[in-house]
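Trainee: In the numbering used here, the protein residues as written are 3 to 598.
Yeah, the Cβ is synthetic: ideal placement off N, Cα and C, and Gly gets one too.
Note that the coordinates shown come from a computational prediction; the quantities given were computed from them, not determined experimentally.
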């Protein structure tokens, strides 16, 4: 789809304004008369092709743009049009674009508004962060800010000190600021920001075990005022449904079932889909017994958008190995026709070819595709994509998952080879879905881990403190390549193509031009043919591609944006030696006046 040609607002540089943590390059009076058009709920449900208004662009989590000015035939002509350094820290940001203005989350609670055509700074907000965050939070995660959201004239974000804030989109000034949790009492790392639908701001978080179960919540806030509307705890208390799944474990010792990625929303069903993480500690023999299921860890929950009530839930596995399931849920309407030769587990009641409203994708680190009916939670089909040995079977009739008994920890000191590694398989690096091909595209990794159960959590090591597991990653048996991108049919479950490479692959975005954009930890950023997986264009950005790619258009010209930062699994590929700089890069086809 071509750029819509909507008028855009781009600020001209003027004086400097400093107030309440904002450093702004103020527009002249004439520019101030042109206001950023408020973003409506209707636009969030059906955004302009030119704009990228939320983490995966749409409420259904697709990571897809219909823009097609850049396509398979001309993508080889892409060139960089501007770049900009980002703030220091662990960088995993997703730009938003509205009316020619880009809003970029930086590490350490920094947000910038930039001219989306030139990269010039409009304003910058730097939150005044408490000095003692590291004393309470998961220390390795206090930098991360994956995404922000927009509603009306407000840029809305969750902060590392467990607040949710709204900034005015034109000035960066704080409009409202609401505390969700006292980080000194119930610390919860808010590494991902919110999603907004129907005027409600939905957000999740990763709750530190030191804060007990009360920090493990999904919340909804009023987008206009910041007033809390509801909160849903992810660990049941005595007397609540699911309490029995924890046995005799005291409520205050039920810990760490967080939801640390961004939900998806179906406005028609008024359901918010969230995914959850492992318990702390991970080995269940330390939490009352391996026969307990400890709801609602490693589950998909469908919540009523108005009340937070759990409408249905599905547990993907009883996790002993830190194989979280909080990742993007793809909401797709599709014929469901799983191919028995390609799909491992199928519901026998399914009528092949019937149209269903499904929630699908790879929700967890195991790399298993799960497809469920998104209205009822009924299991439809599931199948592995990479080497995994932790799930031994799924009952197609009930969806009940059976874990590999040989790998379940039963005592301290026990060592197993678990596939995949505790960082996936699949991790926070999002896949994408294209309605052009009815195919999901997933960045995956061929990595396992030697894991050893500990007698108790180790306060001297972050991972061991959280999970009471020590691990050492290694390549999956039979593989020399860490990374892959797989194209998987949402209808049949067949792998359409499988691109393998030495470096670990990162987040993806699909477009109406028949392209899938994505990068890797060796700094390569590529455009794949969405039908074949052929690499049609590639550039070396020097540092790992750690942010989420997007595409947008201003005044009829399509752009592609991506950011770099820190790398993962580089210890398994020691010959790859990228730098580690945080930068934002923007690409476009040559403008007409650039062509000789």
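Would DSSP call residue 204 helix, strand or coil?
Mentor: Correct three-state label for residue 204: strand.
Trainee: From which residue to which residue does the alpha helix (DSSP H) around residue 45 run?
Mentor: Taken as a continuous stretch (DSSP letters only), the alpha helix (DSSP H) holding residue 45 covers 43 to 47.
Trainee: Ends of the alpha helix (DSSP H) at residue 464?
Mentor: Counting along the chain, the alpha helix (DSSP H) containing residue 464 begins and ends at 464 to 469.
Trainee: Please work out which residues of its chain come closer than 8 Å, Cβ to Cβ, to residue 152, disregarding the five sequence neighbours upstream and downstream, and give them in chain order.
Mentor: Closer than 8 Å at the Cβ level, and outside the excluded window around residue 152, lie 41, 55, 56, 98, 100, 105, 158, 171, 198.
Trainee: Does DSSP classify residue 538 as helix, strand or coil?
Mentor: Strand at residue 538.
Trainee: So, for residue 49: in the same chain, excluding its five sequence neighbours on each side, which residues have a beta-carbon less than 6 Å away from its beta-carbon?
Mentor: Only 55 meet the Cβ criterion.
Trainee: Using three-state DSSP, classify residue 56 as helix, strand or coil.
Mentor: Reduced to three states, the DSSP call for residue 56 is coil.
Trainee: Hey, would you say residue 506 sits closer than 9 Å to residue 442, going by beta carbons?
Mentor: Their beta carbons are not under 9 Å apart, which means residue 506 does not touch residue 442 by this criterion.
Trainee: Along the chain, where does the alpha helix (DSSP H) that runs through residue 137 open and close?
Mentor: Per DSSP, residue 137 belongs to the alpha helix (DSSP H) from 135 to 138.
Trainee: Identify the continuous beta strand (DSSP E) that holds residue 151 and give its terminal residues.
Mentor: It spans 151 to 153 - the beta strand (DSSP E) in which residue 151 sits, taken as one unbroken run.
Trainee: At the level of alpha carbons, what is the spacing between residue 393 and residue 181?
Mentor: One C-alpha to the other measures close to 39 Å.
Trainee: Go to residue 407, then tell me how far its beta strand (DSSP E) extends in each direction, as first and last residue.
Mentor: Element bounds for residue 407: n/a, residue is neither H nor E.
Trainee: If you measure between the beta carbons of residue 376 and residue 434, is that distance less than 9 Å?
Mentor: No, they are not a contact pair.
Trainee: Just grab the DSSP bridge partners of residue 575 for me.
Mentor: Residue 575 is not bridged to any residue.
Trainee: Once the 5 residues before and after residue 32 are set aside, which same chain residues still bring their CB inside 7 Å of it?
Mentor: With a pLDDT of 36 at residue 32, under the threshold of 50, the predicted position of this residue should be treated as unreliable, though the coordinate-derived value follows. Excluding residues within five positions, none has a Cβ falling inside 7 Å.
Trainee: Residue 234 bridges to which residues according to DSSP?
Mentor: In the DSSP output, where bridge partners are listed per residue, residue 234 has 220.
Trainee: Contact check, residue 532 vs residue 332 under 8 Å by CB: the rounded distance?
Mentor: With a Cβ gap of about 15 Å, residue 532 and residue 332 do not count as contacting.
Trainee: In terms of alpha-carbon separation, which member of 476, 176, 161, 351 lies closest to residue 184?
Mentor: Of the candidates 476, 176, 161, 351, the one whose C-alpha sits nearest the C-alpha of residue 184 is 161.
Trainee: Can you tell me whether residue 136 is buried or exposed? The criterion is at least 16 other CB atoms within 10 Å of its CB, across all chains shown.
Mentor: So residue 136 counts as exposed.
Trainee: Report, in whole angstroms, the separation of the C-beta atoms of residue 370 and residue 386, which I expect to be a contact under 8 Å.
Mentor: That pair is a contact at about 5 Å.
Trainee: With distances taken between CB atoms, is the gap from residue 346 to residue 469 smaller than 9 Å?
Mentor: For residue 346 and residue 469, no; Cβs fall outside 9 Å.
Trainee: If I follow the unbroken beta strand (DSSP E) through residue 317, where does it start and stop?
Mentor: Per DSSP, residue 317 belongs to the beta strand (DSSP E) from 312 to 317.
Trainee: Can you name the residues that DSSP bridges to residue 114?
Mentor: Paired residues: 106, 126.
Trainee: Decide if the region 399 to 409 is in contact with the region 468 to 485; the criterion is three or more beta carbon pairs, one per stretch, under 8 Å apart.
Mentor: Touching, no.
Trainee: Go ahead and label residue 89 buried or exposed: buried means 16 or more other beta carbons lie within 10 angstroms of its beta carbon, across all protein chains shown.
Mentor: With 16 or more other Cβ atoms within 10 Å, it is buried.
Trainee: Can you give the Cα-Cα distance for residue 71 and residue 491, rounded to whole angstroms?
Mentor: The alpha-carbon atoms of residue 71 and residue 491 are separated by roughly 25 Å.
Trainee: Once you ignore the five residues that flank residue 139 on each side, which residues in its own chain have a CB closer than 6 Å to its CB?
Mentor: Hits under 6 Å: 189, 191.
Trainee: With the cut-off set at 9 Å, would you say residue 445 and residue 520 are in Cβ contact?
Mentor: Taking 9 Å as the Cβ cut-off, residue 445 and residue 520 qualify as a contacting pair.
Trainee: Grab me the residues of residue 588's own chain with a C-beta within less than 6 Å of its C-beta, minus the 5 sequence neighbours each way, in chain order.
Mentor: These residues qualify, in order along the chain: 83, 84, 561, 563.
Trainee: Please return the same chain residues whose Cβ sits closer than 7 Å to the Cβ of residue 429, not counting the five positions on each side in sequence.
Mentor: Once the five neighbours on either side are set aside, the close Cβ partners of residue 429 are 367.
Trainee: Note down the Cα distance separating residue 21 from residue 177, rounded to an integer number of angstroms.
Mentor: The predicted position of residue 21 is uncertain, since its pLDDT is 40 and thus under 50; no value can be drawn from it.
Trainee: So the candidates are 493, 465, 278; which of them puts its Cα closest to the Cα of residue 357?
Mentor: Comparing Cα positions, the closest option is 493.
Trainee: Let's see if you can read the secondary structure: which residues bound the beta strand (DSSP E) around residue 242?
Mentor: Per DSSP, residue 242 belongs to no beta strand (DSSP E) and is neither H nor E.
Trainee: Quick check: what's the CA-CA separation for residue 103 versus residue 51?
Mentor: Between residue 103 and residue 51, the C-alpha separation is close to 15 Å.
Trainee: In whole angstroms, give me the CA-to-CA distance for residue 339 and residue 116.
Mentor: If you take the alpha carbons of residue 339 and residue 116, they lie about 45 Å apart.
Trainee: Please specify which runs of the beta strand (DSSP E), each continuous and at least 3 residues long, are wholly inside the region 432 to 481, giving them in chain order.
Mentor: Those beta strand (DSSP E) runs which fall completely within the region 432 to 481 and span 3+ residues are 434 to 436, 441 to 447, 449 to 455, 471 to 477.
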